[in-house]
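Visitor: Residue numbers (my numbering), protein chains in the order written: chain A, 360 to 706; chain B, 360 to 706.
2 protein chains.
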Amino acid sequence: MDSVKERGLFYPPDPSSRGSCFIGGNIAENSGGPKAVKYGVVKDYVLNLEVVLPNGEVIWTGANVLKNSTGYNLTQLMVGSEGTLGIVTKIVLKLLPLPKYDLLMLVPFKSLEKASEAVSAIFRAGFTPSGLELVEIDALKIVSAMVDSHAVPVTDDIEAHLIIEVDGNNMDVLMQDMEQIAELTAQFEGGEVFFADDAQQKAELWKLRRRVAEAVKTSGYTIEEDTVVPRAELPKLIRGVKELGKQYGFHAVCYGHAGDGNLHIRINHPTIKNSHGSPEMTAALRALFQLVKSLGGTVSGEHGVGLIQKPYMDIVFRNANLELMRSIKRAFDPNNILNAGKIFDLA
Amino acid sequence: MDSVKERGLFYPPDPSSRGSCFIGGNIAENSGGPKAVKYGVVKDYVLNLEVVLPNGEVIWTGANVLKNSTGYNLTQLMVGSEGTLGIVTKIVLKLLPLPKYDLLMLVPFKSLEKASEAVSAIFRAGFTPSGLELVEIDALKIVSAMVDSHAVPVTDDIEAHLIIEVDGNNMDVLMQDMEQIAELTAQFEGGEVFFADDAQQKAELWKLRRRVAEAVKTSGYTIEEDTVVPRAELPKLIRGVKELGKQYGFHAVCYGHAGDGNLHIRINHPTIKNSHGSPEMTAALRALFQLVKSLGGTVSGEHGVGLIQKPYMDIVFRNANLELMRSIKRAFDPNNILNAGKIFDLA
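#1: Inspect the beta-carbon positions of A387 of chain B and E441 of chain B and report whether they are closer than 7 Å.
#2: Of the choices A:I597, A:L567, A:T443, whose alpha-carbon is the least far from that of K500 of chain A?
#3: May I have the straight-line CA-CA distance separating A617 of chain A from R598 of chain A, to the nearest angstrom?
#4: So, L408 of chain B versus M437 of chain B, is the Cβ gap smaller than 7 Å?
#5: Please decide whether R377 of chain A counts as near chain B, where near means a Cβ-Cβ distance under 7 Å.
#6: Contact criterion: CB-CB distance below 7 Å. Does M684 of chain A meet it with respect to chain B?
#7: Distance cutoff 7 Å, beta carbons only. Does K364 of chain B sit that close to anything in chain A?
#8: Out of A:G439, A:N432, A:I540, point me to the one whose CA is closest to S479 of chain A's CA.
#9: When burial is assigned at 16 or more other CB atoms within 10 Å of the CB, is K688 of chain B buried or exposed?
#10: Inspect the beta-carbon positions of K652 of chain A and I624 of chain A and report whether they are closer than 7 Å.
#11: Please check if any C-beta of chain A sits within less than 7 Å of the C-beta of P589 of chain B.
#12: Spatial neighbours of I696 of chain B within its chain, please: CB distance less than 7 Å, with the 5 preceding and 5 following residues excluded, ordered by chain position.
#13: Counting only Cβ pairs nearer than 9 Å, list the residues of chain B close to I450 of chain A.
#14: My understanding is that L596 of chain B touches L650 of chain B, with C-beta atoms under 8 Å, so please give their C-beta distance in whole angstroms.
#15: List the DSSP bridge partners of Y460 of chain A.
#16: Do A477 of chain B and T544 of chain B have their CB atoms nearer than 7 Å?
#17: Determine, using beta carbons only, whether V396 of chain B and T429 of chain A come nearer to each other than 7 Å.
#18: Could you check if Q546 of chain A is buried or exposed, using at least 16 other CB atoms within 10 Å of its CB as the buried criterion?
#19: What residue from A:E548, A:I582, A:K459 has the CA that sits closest to E365 of chain A's CA?
#20: Going by Cα to Cα distance, which pick from A:D507, A:N529, A:I626, A:M534 is closest to G604 of chain A?
#21: What's the gap between the Cα of G490 of chain A and the Cα of E538 of chain A?
#22: Within the same chain, show all residues whose beta-carbon is closer than 7 Å to that of T420 of chain A, passing over the 5 residues directly before and after it, in chain order.
#23: Taking C-alpha atoms, which residue in A:E583, A:G656, A:Q606, A:N427 lies nearest to N633 of chain A?
#24: Please confirm whether I702 of chain B has its beta-carbon closer than 7 Å to some beta-carbon of chain A.
#25: V675 of chain A touches chain B at which residues, Cβ-Cβ below 8 Å?
#26: Measure from the C-beta of Q560 of chain B to each C-beta in chain A and report whether the shortest distance is under 7 Å.
#27: Less than 7 Å between the beta carbons of L425 of chain A and L368 of chain A, yes or no?
#28: Within its chain, find whatever has a CB closer than 7 Å to the CB of F486 of chain A; leave out the 5 residues flanking it on each side and keep chain order.
#29: Would you call the segment 505-512 of chain A and the segment 444-454 of chain A in contact, with 3 or more CB pairs under 8 Å?
#30: Is K576 of chain B close to chain A? Criterion is C-beta to C-beta, closer than 7 Å.
#31: Does Q435 of chain B get closer than 7 Å to chain A when you measure Cβ to Cβ?
#32: Determine the chain A residues that contact E388 of chain B at a beta-carbon separation under 7 Å, and present them in chain order.
#33: Which residues of the segment 649-679 of chain B have a Cβ closer than 7 Å to any Cβ of chain A? Give them in chain order.
#34: Could you say which of B:R685, B:L683, B:A690, B:F676 lies nearest to E326 of chain A if we only look at CA atoms?
#35: Taking only beta-carbon atoms, is I597 of chain A less than 7 Å away from chain B?
#36: Mind listing, in chain order, the continuous beta strand (DSSP E) runs of no fewer than 3 residues lying wholly within the segment 487-518 of chain A?
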């Protein structure tokens, strides 16, 4: 990412784990990150992959081109397949011209639901921010304490913040857009807007956002979900999460890529500390994913399925879907030698 | 497309066949069109598909969301599968906010190769036009005569034109971008720029561009190819096409979505009028696709494979790729009841 930037080019996918993850893993999971709201996710930048198949054959999945209608899209089948179909050994990515400027602001909201309502309104007004993140106040308190930051004043009447970034090549336009977006947030009881004035303030805000996951995990929110719903349904999802918390006796904090409808939900239960092996937590998570499904969403927006989410696949996919996926797995890997047992069971 | 525009929304895919094609066919072929250079192709807008499988099961391939890392990407496997895997019965598309303004200009070039060199330079300078089309003069002469248009002066010292569109929400920025792009084209011996002043002039230019395919076909250019290469390799492809014409005794006109590296090549041979059944034309087209492959490209950018391009799949795909595609086809459609014989043979 940094090395292409030096050449005036831009590779937008920017997962929060960017300090520790590798691009091969990003392809396996179809990773996202804050810029996805304007620029899309990993799958939107992968043009061609060299793959070692389970039978030892080496193929290129496509061609080094921006458009391709030549046979089945094996490239997109590999992206997000979590290492179950083949081993990626070379990657051809699309790069964009690097936008010259970006502006960042933080807007506090008295109500988490109102904050999530403002998200859709920004798009309906014709803006496409390059970042539109939501962080619930509990998460912001925890991360601010962890990194000893006072960048964001944490007051009792605030429930959530939106972090809003715009980017482009014309600073006047960006300033206008930011002002108009700020005005718009006031209609949703948004409070006083904090504009990040310089590179250092921007870096501080992004650092806070990036370290939320780690911070809430270490402070007891050990169960991690990666729900995604249509953007306009975010308020219903958030309301539902809070109700489920009351019903099942857990506390949840919500944060994530609100502009994509991709909400990370971290759960703190007084006694149950992981999502599997407990009938009570399984029931709670099934209820959560049934809600997500009823809103048109699904189990994972950018984290993948692996082992942890596997028990919930039946909620969002009919058996006919899972059978198709199994048959694709068998076609690629008849002896089940690659990452067996991930995403679904074969039997 | 028009019905979402009325609501201030934007569905960018805009194939030249838009008067006669259907959206189901667009999904089957992963269609493109002039706006793909900025906005991507059909695959970039399809979020979820209801599909009737060959076994009679009805599935939804994904979810109605902007990000999805939940199992294999069956949605993208269906897009571009040319009706061989299932029958699409419902479609969920992503829409964008409609850009408020667009500007259009036409730039003549003394050399086809120089015109194609200018294409890459525009992106390297940081611009992302919403349309960047190349039309060789022979094609423009034919279509101008067919529709009886004098919109574009056709002079003997011009070999090709670029049609360049920019869009966005700020007219001042668009004017600046257009001026800078126009200046840049002069470095590639671009001639006097023609700015389309009003909606009527824009419509006239786009009409000329859209009707090129039909015009050249009826005037003898009956063999149609849909090559795609990395954008920077366009000059080499164009030079190669002309050399192959001399070698195999045909005349070719080039036009298409130069900004994507997607070049339509129409071939006029004095005696051979279609691409199959003639060993001589088969040899010529194999040589063309070998060139395309050597440049990192492939057989079809947006038209698909069907029956006509099937004999050339071995040039761009190893047998291991084709075997994988066949195994996917068998997994979906073991009795080969859907569009049998398209893309590849099963046996």
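By construction, the Cβ of each residue, glycine as well, lies at the ideal position given by its N, Cα and C atoms.
Guide: Short version:
#1: The sequence position of residue 387 of chain B within the second sequence is 28, counting from 1. The sequence position of residue 441 of chain B within the second sequence is 82, counting from 1. With respect to the 7 Å criterion, A387 of chain B and E441 of chain B are classified as neighbours on the basis of their beta carbons.
#2: As a first step, residue 500 of chain A must be located in the first sequence, where it is residue number 141. Out of A:I597, A:L567, A:T443, A:L567 has the C-alpha closest to the C-alpha of K500 of chain A.
#3: Taking the first residue of the first sequence as position 1, residue 617 of chain A is located at position 258. Taking the first residue of the first sequence as position 1, residue 598 of chain A is located at position 239. Distance between the alpha carbons of A617 of chain A and R598 of chain A is about 14 Å.
#4: Counted from its first residue, the second sequence places residue 408 of chain B at position 49. Counted from its first residue, the second sequence places residue 437 of chain B at position 78. Yes; because the gap between Cβ atoms is below 7 Å, this pair is in contact.
#5: Taking the first sequence and counting its residues from 1, one reaches residue 377 of chain A at position 18. Chain B, which has no Cβ nearer than 7 Å to the Cβ of R377 of chain A, makes this no.
#6: Along the first sequence, one-based indexing puts residue 684 of chain A at 325. Judged by the 7 Å Cβ criterion, M684 of chain A is in contact with chain B.
#7: Stepping through the second sequence from its first residue, residue 364 of chain B is reached at position 5. For K364 of chain B, the answer is no, since every Cβ of chain A falls outside 7 Å of its Cβ.
#8: Taking the first residue of the first sequence as 1, we reach residue 479 of chain A at position 120. With distances taken between Cα atoms, S479 of chain A lies closest to A:I540.
#9: Looking up residue 688 of chain B in the second sequence gives position 329. Counting every other CB atom within 10 Å of its CB across the protein chains shown gives K688 of chain B a total of 16 or more, marking it as buried.
#10: Numbered from 1 along the first sequence, position 293 holds the residue referred to as residue 652 of chain A. Numbered from 1 along the first sequence, position 265 holds the residue referred to as residue 624 of chain A. The beta carbons of K652 of chain A and I624 of chain A sit no closer together than 7 Å.
#11: By one-based count along the second sequence, residue 589 of chain B stands at place 230. It does; some Cβ of chain A falls within 7 Å.
#12: Position 337 of the second sequence, counted from the start, is the residue given in the question as residue 696 of chain B. Same-chain partners within the cutoff: P413.
#13: Translated into positions along the first sequence, residue 450 of chain A becomes position 91. By Cβ distance, chain B contributes nothing, its closest Cβ being about 14 Å from I450 of chain A, past 9 Å.
#14: Translated into the one-based positions of the second sequence, residue 596 of chain B becomes position 237. Translated into the one-based positions of the second sequence, residue 650 of chain B becomes position 291. So it is a contact: roughly 7 Å between Cβ atoms.
#15: As a first step, residue 460 of chain A is located in the first sequence; it is residue number 101 there, counting from the start. DSSP output for Y460 of chain A lists A:G527 as bridge partner(s).
#16: Residue 477 of chain B sits at position 118 when you count from the first residue of the second sequence. Residue 544 of chain B sits at position 185 when you count from the first residue of the second sequence. Cβ atoms of A477 of chain B and T544 of chain B: closer than 7 Å.
#17: Within the second sequence, numbered from 1, the residue matching residue 396 of chain B stands at position 37. Within the first sequence, numbered from 1, the residue matching residue 429 of chain A stands at position 70. No, Cβ-Cβ distance for V396 of chain B and T429 of chain A is not below 7 Å.
#18: The residue labelled residue 546 of chain A in the question sits at position 187 within the first sequence. Classification of Q546 of chain A: exposed, given that the 10 Å Cβ count is below 16.
#19: Position 6 of the first sequence, counting from 1, holds the residue named residue 365 of chain A. Of the listed residues, the one whose Cα sits closest to E365 of chain A is A:K459.
#20: Within the first sequence, residue 604 of chain A is the residue found at index 245, counting from 1. With distances taken between Cα atoms, G604 of chain A lies closest to A:I626.
#21: Taking the first sequence and counting its residues from 1, one reaches residue 490 of chain A at position 131. Taking the first sequence and counting its residues from 1, one reaches residue 538 of chain A at position 179. Each residue's Cα considered, the two are about 16 Å apart.
#22: Sequence index remark: in the first sequence, residue 420 of chain A carries index 61 (1-based). Counting only Cβ-Cβ distances below 7 Å, and skipping sequence neighbours, we find N407, L408, V410, L433, T434, M437.
#23: What you label residue 633 of chain A is simply residue 274 of the first sequence in a count that begins at 1. Cα-wise, what sits closest to N633 of chain A is A:E583.
#24: If you number the second sequence from 1, residue 702 of chain B lands on position 343. Using beta-carbon distances, I702 of chain B counts as an interface residue toward chain A, with a partner under 7 Å.
#25: Counted from its first residue, the first sequence places residue 675 of chain A at position 316. In chain order: A422, T429.
#26: Your numbering for residue 560 of chain B matches position 201 in the second sequence. Contact with chain A is absent for Q560 of chain B, since none of that chain's Cβ atoms lies less than 7 Å from the residue's Cβ.
#27: For the purposes of this step, residue 425 of chain A is taken as the residue at position 66 of the first sequence. For the purposes of this step, residue 368 of chain A is taken as the residue at position 9 of the first sequence. Taking 7 Å as the Cβ cut-off, L425 of chain A and L368 of chain A do not qualify as a contacting pair.
#28: Working through the first sequence from its first residue, we reach residue 486 of chain A at position 127. Correct list, in chain order: D536, I540.
#29: The segment 505-512 of chain A is not in contact with the segment 444-454 of chain A.
#30: Residue 576 of chain B sits at position 217 when you count from the first residue of the second sequence. Contact with chain A is absent for K576 of chain B, since none of that chain's Cβ atoms lies less than 7 Å from the residue's Cβ.
#31: On the second sequence, position 76 is the one that residue 435 of chain B refers to. Yes - at least one Cβ of chain A is within 7 Å of the one on Q435 of chain B.
#32: Indexing the second sequence from 1 puts residue 388 of chain B at position 29. Simply S428.
#33: Residues passing the 7 Å Cβ filter: G655, G656, T657, V658, S659, G660, E661, H662, G663, V664, M672, V675, F676, R677, A679.
#34: Here chain A comprises residues numbered 360 to 706, so residue 326 of chain A is not present and cannot be evaluated.
#35: Within the first sequence, the letter at position 238 stands for residue 597 of chain A. Chain B places no beta carbon closer than 7 Å to that of I597 of chain A, leaving this residue out of the contacts.
#36: Whole beta strand (DSSP E) segments, 3+ residues: 490-495.
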